[in-house]
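First up is the structure itself, then whatever we jot down about it.
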Amino acid sequence: MKDYEHENYLLKSILSNSPTSEAYFQDKSRNASKNYYMDLKENLLIKYKNKKFEEIKGSKIINTQYGETLEIVNREKIDFNLAENNFKDIMNHNLKLLPKIGIKTEQNLKNQGYDTIESLLSIDKYENSASKFLDKIDEMSFADVLRLLNENKYGKTCRDNLIRCASLVDIENFKFMDIETLGLSNVEIILIGVAEIKNNKIISSQYFLRNPTEELAILDAYFAHLDEDSVHVTFNGKTFDVPFIKNRINYHRLDVDFNLPHLDLRNFANNLWADQLPNCQLQTIEKYKFGLERVDDVPGQYIPGYYKTYLAENNIGPMIPIIDHNKQDIISLAIFLEKMYDEVNC
1314 MKDYEHENYL
1324 LKSILSNSPT
1334 SEAYFQDKSR
1344 NASKNYYMDL
1354 KENLLIKYKN
1364 KKFEEIKGSK
1374 IINTQYGETL
1384 EIVNREKIDF
1394 NLAENNFKDI
1404 MNHNLKLLPK
1414 IGIKTEQNLK
1424 NQGYDTIESL
1434 LSIDKYENSA
1444 SKFLDKIDEM
1454 SFADVLRLLN
1464 ENKYGKTCRD
1474 NLIRCASLVD
1484 IENFKFMDIE
1494 TLGLSNVEII
1504 LIGVAEIKNN
1514 KIISSQYFLR
1524 NPTEELAILD
1534 AYFAHLDEDS
1544 VHVTFNGKTF
1554 DVPFIKNRIN
1564 YHRLDVDFNL
1574 PHLDLRNFAN
1584 NLWADQLPNC
1594 QLQTIEKYKF
1604 GLERVDDVPG
1614 QYIPGYYKTY
1624 LAENNIGPMI
1634 PIIDHNKQDI
1644 ISLAIFLEKM
1654 YDEVNC
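Residue numbers for the sequence shown follow our numbering, so the first one is 1314 and each next one is one higher.
Pasting the structure below:
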């Protein structure tokens, strides 16, 4: 198992440098009542009065084909590594990847000494399908592999293979992504965050909706990070983030292919840690697996109200903890993926 001292240090560093984590806020009651979050919002309005987004570290205005938007970029050192596991060989030993082979049939074949798909070439019944599989295995894209694994989920080993296969991806192609919105459907995305790993650094890029007319610009800025080799890594993104973005793509009638391979870490967390944790929410994992707890984190239910106050008061204060929350989420995703990968490969 990997030593996660560095990852804990990284998360603690990020949390301790939060703009809302100064002593005044730390000393306040952590009561999650409506009054508490109203008080927090008022204090943020006072603290950030007359300040501009451009004063925030890493912030600048950028141009997109749909106009200007705000970009916030931060860099942190990270020791991210997915050890080689020869996953194509693991696939060769998974007989269930062939049609008409389930758990019992696989066990019967292995009891007879047929341990690999290659060994099935000597059985007339499986020769054709085994030959086709072996011919294409080395040419399979990650999307092809992921699709095949998702079509053949037969218990824990198969589910773990959906994490093990991450070794097939070049690290810089992971796009750790999270969005913040004004509701659950048919409303604007107000913030898109994407983290990427390059040269032992994790780079978070966030695009903020300064006003409702900029949604096309923040979407375009985010899409600039993606190409045909990109792999989305999210937390509950298959249910929320990706369908939400697709909905906004359709709303704006954009010509964007958004069907990227996708690793949803919420699913893996449920499989790996459900019996170890009170629940499998992202911040619960941070607390119980890494000993970390956020300070003055604003729950999603309050985000629309905070955003409306930001617009009405022309004051960036209410959005500072939202931006900070989003950055922490996408960086945590990278650390979660590495830990999950190490656990299933140990």
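Glycine included, C-beta positions come from ideal geometry on N, C-alpha and C. These numbers were taken from a predicted model, which means no experiment stands behind them.
Cβ neighbours of alanine 1396 within its own chain (closer than 7 Å, five residues either side excluded): Asn1658. When C-alpha distances from isoleucine 1416 are compared across Gly1468, Glu1368 and Asn1560, the shortest belongs to Gly1468. Residue pairing from DSSP places lysine 1390 in a beta bridge opposite Lys1514. In this structure glycine 1630 is buried. Its beta-carbon is surrounded by 16 or more other beta-carbon atoms within 10 angstroms. In the DSSP assignment, asparagine 1580 falls within the alpha helix (DSSP H) that extends over 1578-1586. It is roughly 12 Å from the alpha-carbon of serine 1498 to the alpha-carbon of threonine 1552. For the 7 Å CB-CB criterion, phenylalanine 1521 and leucine 1605 do not form a contact. The beta carbon of methionine 1490 sits closer than 6 Å to those of Val1507, His1545 and Thr1547, all from its chain and outside the five residues before and after it, given in chain order.
When rounded, the separation of the alpha-carbon atoms in tyrosine 1427 and serine 1435 is 9 Å.
Valine 1386 counts as exposed, since fewer than 16 other C-beta atoms from the protein chains shown sit within 10 angstroms of its C-beta. In this structure, DSSP gives isoleucine 1476 a helical state, which the three-state scheme calls helix. The shortest C-alpha to C-alpha distance from aspartate 1483 to any of Asp1542, Ala1530, Ser1518 and Phe1400 is the one to Asp1542. Within the same chain, no Cβ atom closer than 8 Å to the Cβ of glutamate 1464 is found once the five residues on either side in sequence are excluded. Take valine 1555, set aside five residues on each side of it, and the residues of its chain with a beta-carbon closer than 8 Å to its own are His1545, Thr1547, Phe1571 and His1575, in chain order. The residue from Gln1425, Val1458 and Leu1353 with its alpha-carbon nearest to that of asparagine 1405 is Val1458. Glutamine 1589 carries a coil assignment under DSSP once its states are collapsed to helix, strand and coil. Residues Lys1401, Met1404 and Asn1405 of the same chain have their beta carbon placed closer than 8 Å to that of isoleucine 1450, with the five preceding and five following residues left out of the count. Membership of asparagine 1465 in any alpha helix (DSSP H) is not indicated, and neither H nor E is assigned to it by DSSP. Residue range 1595-1603 is occupied by the alpha helix (DSSP H) that includes lysine 1602. By the beta-carbon neighbour count (other beta carbons within 10 angstroms, threshold 16), asparagine 1407 is buried. DSSP places asparagine 1441 in the uninterrupted alpha helix (DSSP H) bounded by 1437-1449.
Boundaries of the beta strand (DSSP E) around phenylalanine 1489: 1487-1494. If you draw a straight line from the Cα of arginine 1607 to the Cα of threonine 1429, it is about 47 Å long.
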